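Data block below; observations after.
2 protein chains.
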Amino acid sequence: MRAHASKLQPGSTFLGSQVARIIESKNPKYSPGQYVVGEFGWRTHTVSTGERLPNGFPGAWIIPDFPKDLPLSLALGILGMPGNTAYFGLLEICQPKPGETLIVTGAAGAVGSVVGQIGKIKGCHVIGVAGSEEKGKWLVDELGFDHFINYKTDDITKKIKEYAPNGIDCYFDNVGGEITSMILCHMNHFGRIAVCGGISGYNEKDIPKVTMIQYPVVINELKMEGFIVHRWLDRWFEGIEQNMKWIQEGKLKYRETVTEGFENMFKAFTDMLRGGNTGKAIVKL
Amino acid sequence: MRAHASKLQPGSTFLGSQVARIIESKNPKYSPGQYVVGEFGWRTHTVSTGERLPNGFPGAWIIPDFPKDLPLSLALGILGMPGNTAYFGLLEICQPKPGETLIVTGAAGAVGSVVGQIGKIKGCHVIGVAGSEEKGKWLVDELGFDHFINYKTDDITKKIKEYAPNGIDCYFDNVGGEITSMILCHMNHFGRIAVCGGISGYNEKDIPKVTMIQYPVVINELKMEGFIVHRWLDRWFEGIEQNMKWIQEGKLKYRETVTEGFENMFKAFTDMLRGGNTGKAIVKL
């Protein structure tokens with residue numbers, strides 16, 4: 001993310017989560033052969049103490065036992081940080097109730113696709129916003145979203161009125177930007193907004209200017225809260241276990257966009273920022 | 001406010017609170033000679049049932065007994081809706097703690113001037129933003145604000161860094177607009193923003209575009225909540241009584257900008273929108 005990545009100095013390792021097998025260990029908490037997940041960055045081999053990083057992120061988690069049919073790479077997606085981002089962000093900040101309407105932007109991404117499905121599990125009417133008809137088809141036909149809005153081709157305001165005739169109660173915001181200003185104008189009294197990211201501006205040189213949001217925020221007494229999932233580190237495995245249970249019950253589905261080879265990492269990353277991925281973007285070494 | 005006023009149809013009575021003396025009453029709850037405050041609009045005489053208005057606002061409150069040295073017009077300001085807006089909005093949404101830094105925009109207005117003083121009562125370091133040196137002098141010299149920023153002439157970012165070297169914890173936002181985007185970039189982790197209004201855009205034909213706020217909201221996990229003071233109708237007299245007590249203890253000061261004569265109402269209103277008032281803008285009939 002630009003938000004974190006823009007602070008990097010030239011020459012430092014680029015950010016990224018990784019599943020890694022332990023080759024050698026001098027720490028009794030970790031054994032060779034075990035798999036861990038950590039914020040190791042773009043590299044093939046890592047020396048780690050396993051201790052927390054200076055930014056408070058965990059150094060390395062030992063991946064819990066996954067059912068045999070689930071790939072370890074899910075520890076980077078639906079059974080890791082993105083899945084937990086969806087789980088805690090939606091449930092703790094949006095607090096969706098049965099019968100309410102939920103809208104999620106970046107809906108076909110690693111986080112958004114899980115947000116919408118958990119919304120359905122909780123009895124919400126769910127609208128996903130993404131940038132291609134193919135993604136939309138996946139959201140509605142396979143993941144069970146009620147509606148899809150293509151932000152690149154649809155008249156967004158018209159579609160919101162059509163798909164959310166009773167207004168929107170919960171908004172899980174992955175993108176920020178003008179679309180957020182539009183969505184806020186269709187929210188109900190005491191609506192809740194979980195602000196997870198602002199990807200719409202990550203590739204811009206300057207932070208974009210968008211229609212100011214204070215009118216709908218005041219008139220409808222909206223509550224908007226930004227969050228970073230590490231706030232719930234002490235409940236980390238609660239999210240993973242619940243998402244795993246829902247996968248096994250057939251209630252949560254996932255997709256990964258896998259790129260092969262370290263040399264294709266940069267392309268995979270920039271494709272992701274341009275919206276080329278569906279579900280979690282993975283690079284396999 | 002544009003927010004409410006823009007919904008008015010031509011020919012309807014313009015919005016405004018009023019202190020009125022009861023001339024005649026067929027309702028046993030109200031007696032001739034009593035003073036009430038209500039959303040009667042711009043008119044000299046009103047027929048009211050005293051019942052709640054369709055928008056949920058109270059029809060008419062009987063003004064509680066004020067100490068003899070306090071004018072009844074305070075029921076329109078510090079001992080009425082604006083005072084309660086400051087009291088509940090700051091305490092319930094910003095939840096200021098001793099030692100924290102509070103910034104308030106529209107600081108010399110009927111709401112902002114009370115917000116800053118309650119912030120001082122609660123032990124905060126308080127910065128007020130307003131549009132003239134005269135207002136700034138009043139805030140700092142008479143009301144006890146720690147610092148003043150003149151948004152028309154100061155380098156706002158530089159002043160924030162100087163006056164809030166440890167960052168801002170609470171922001172009471174009366175104006176919205178670009179200054180809000182700037183302030184959010186200087187807020188601390190888990191900062192709270194009470195969104196009370198967006199006056200910076202009320203005179204614009206289109207809602208202004210401002211720098212998007214998702215980056216600071218996410219990175220610092222900020223919580224932003226819009227509110228209308230009528231949310232706390234059931235605690236209405238708690239706010240009035242506490243503010244009255246603080247006035248009597250010398251901890252809360254007020255100023256009114258009084259215009260004489262119904263025929264000068266429009267000018268008083270537009271002067272207020274342009275920032276001509278200090279404290280509550282009152283028209284005396």
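For the record, the sequence lines run as chains E and F.
Mapping the first sequence onto the UniProt record's numbering, position 161 (from 1) lands on 161, and the numbers just tick up by one.
Mapping the second sequence onto the UniProt record's numbering, position 232 (from 1) lands on 232, and the numbers just tick up by one.
A virtual CB, placed ideally from N, CA and C, is assigned to each residue, including glycine.
Note that the structure is a prediction, hence the values are computed from the model and not measured.
#1: Smallest Cα separation from VAL218 (chain E): which of F:GLU241, F:ILE207 and F:ALA194?
#2: Rounded to the nearest angstrom, what separates GLY106 (chain E) and TRP42 (chain F) at their Cα positions?
#3: Buried or exposed, going by whether 16 or more other CB atoms sit within 10 Å of the CB of LEU285 (chain E)?
#4: Along chain F, which residues have their Cβ under 8 Å away from the Cβ of ASN220 (chain E)?
#5: Roughly how many whole angstroms lie between the Cα atoms of TYR151 (chain F) and THR180 (chain F)?
#6: Across the stretch 261-276 of chain E and the stretch 226-239 of chain E, are there enough close Cβ pairs to call them in contact, namely three or more that are closer than 8 Å?
#7: Per DSSP, what kind of secondary structure is THR270 (chain F) in: helix, strand or coil?
#8: Ends of the beta strand (DSSP E) at ASN188 (chain E)?
#9: Could you compute how far the alpha carbon of MET1 (chain F) sits from the alpha carbon of LYS280 (chain F)?
#10: Closer than 7 Å, CB to CB, is MET212 (chain E) near chain F or not?
#11: State buried or exposed for THR85 (chain E), treating a residue as buried only when at least 16 other CB atoms are found within 10 Å of its CB.
#12: Given a cut-off of 7 Å on the beta-carbon distance, is the pair GLY176 (chain F) and GLN214 (chain E) in contact?
#13: Expressed to the nearest angstrom, what Euclidean distance is found between the alpha-carbon atoms of GLY50 (chain E) and VAL258 (chain E)?
#14: On a CA-only basis, which of E:ALA108, E:ILE121 and E:GLU238 is nearest GLY131 (chain E)? Give me that one, please.
#15: Going by beta carbon distance, what residues of the same chain come within less than 6 Å of ALA3 (chain E), once the five residues before and after it are set aside?
#16: So, with DSSP's three-state summary, where would you put LYS29 (chain F)?
#17: Find the nearest neighbour of ILE63 (chain F) within the set F:MET81, F:PRO10 and F:ARG52, judged by alpha-carbon distance.
#18: Going by alpha carbons, who is nearest to LYS135 (chain E) out of E:LYS267, E:PRO10 and E:TYR254?
#19: Using the beta-carbon count (16 or more within 10 Å), is SER113 (chain E) buried or exposed?
#20: Can ILE118 (chain E) and LEU90 (chain E) be called in contact, C-beta distance under 7 Å?
#21: Could you tell me which uninterrupted alpha helix (DSSP H) segments, each at least 4 residues in length, are contained entirely in the stretch 110-190 of chain F, listed from first to last along the chain?
#22: Expressed to the nearest angstrom, what Euclidean distance is found between the alpha-carbon atoms of SER12 (chain E) and ILE207 (chain E)?
#23: What would DSSP say about VAL36 (chain E), mapped onto helix, strand or coil?
#24: For GLU249 (chain F) and ARG235 (chain F), I'd like the C-alpha separation in whole angstroms.
#25: Which one or two residues does DSSP pair with VAL218 (chain F) in a beta bridge?
#26: Could you pull the start and end residues of the alpha helix (DSSP H) that THR85 (chain E) belongs to?
#27: Verify the CB distance criterion: does ILE207 (chain E) have a CB-CB separation below 7 Å to chain F?
#28: Which of helix, strand or coil does DSSP assign to MET244 (chain E)?
#29: In chain F, what lies closer than 7 Å to ARG231 (chain E) by C-beta?
#30: Closer than 6 Å by C-beta to VAL126 (chain E): which residues in its own chain qualify, once you throw out the five before and the five after it? Chain order, please.
#31: Does any residue of chain F bring its CB to less than 7 Å from the CB of TYR87 (chain E)?
#32: List, in chain order, every chain F residue whose beta-carbon is nearer than 7 Å to that of GLY176 (chain E).
#33: If I'm right that ASN243 (chain E) touches GLY83 (chain E) with Cβ under 8 Å, what's the distance once you round it to whole angstroms?
#34: Grab me the residues of ASP173 (chain E)'s own chain with a C-beta within less than 7 Å of its C-beta, minus the 5 sequence neighbours each way, in chain order.
#35: Who are the neighbours of VAL104 (chain F) on chain E, taking C-beta pairs under 9 Å?
Reading off the structure:
#1: F:ALA194
#2: 48 Å
#3: exposed
#4: GLY226
#5: 11 Å
#6: no
#7: helix
#8: 187-195
#9: Low confidence applies to MET1 (chain F): its pLDDT is 39, below 50, so where it sits in the model is not reliable, and the reading given next is rough at best. Approximately 14 Å between the Cα atoms of the pair.
#10: yes
#11: buried
#12: yes
#13: 27 Å
#14: E:ALA108
#15: With a pLDDT of only 46 at ALA3 (chain E), under the threshold of 50, the placement of this residue in the model should not be trusted; the figure read from the coordinates follows. Excluding sequence neighbours, ALA3 (chain E) sits near nothing in its chain.
#16: coil
#17: F:MET81
#18: E:TYR254
#19: buried
#20: yes
#21: 112-121, 133-137, 156-163 and 177-184
#22: 24 Å
#23: strand
#24: 22 Å
#25: In DSSP, VAL218 (chain F) forms no bridge with anything.
#26: 81-88
#27: yes
#28: helix
#29: GLU221
#30: LEU102, GLY116, GLY119, LYS120, PHE145 and ASP146
#31: no
#32: MET212 and GLN214
#33: 5 Å
#34: THR105, THR180, ILE193, ALA194, VAL195 and CYS196
#35: Within 9 Å Cβ-Cβ: nothing; VAL104 (chain F) doesn't reach chain E, min ~15 Å.
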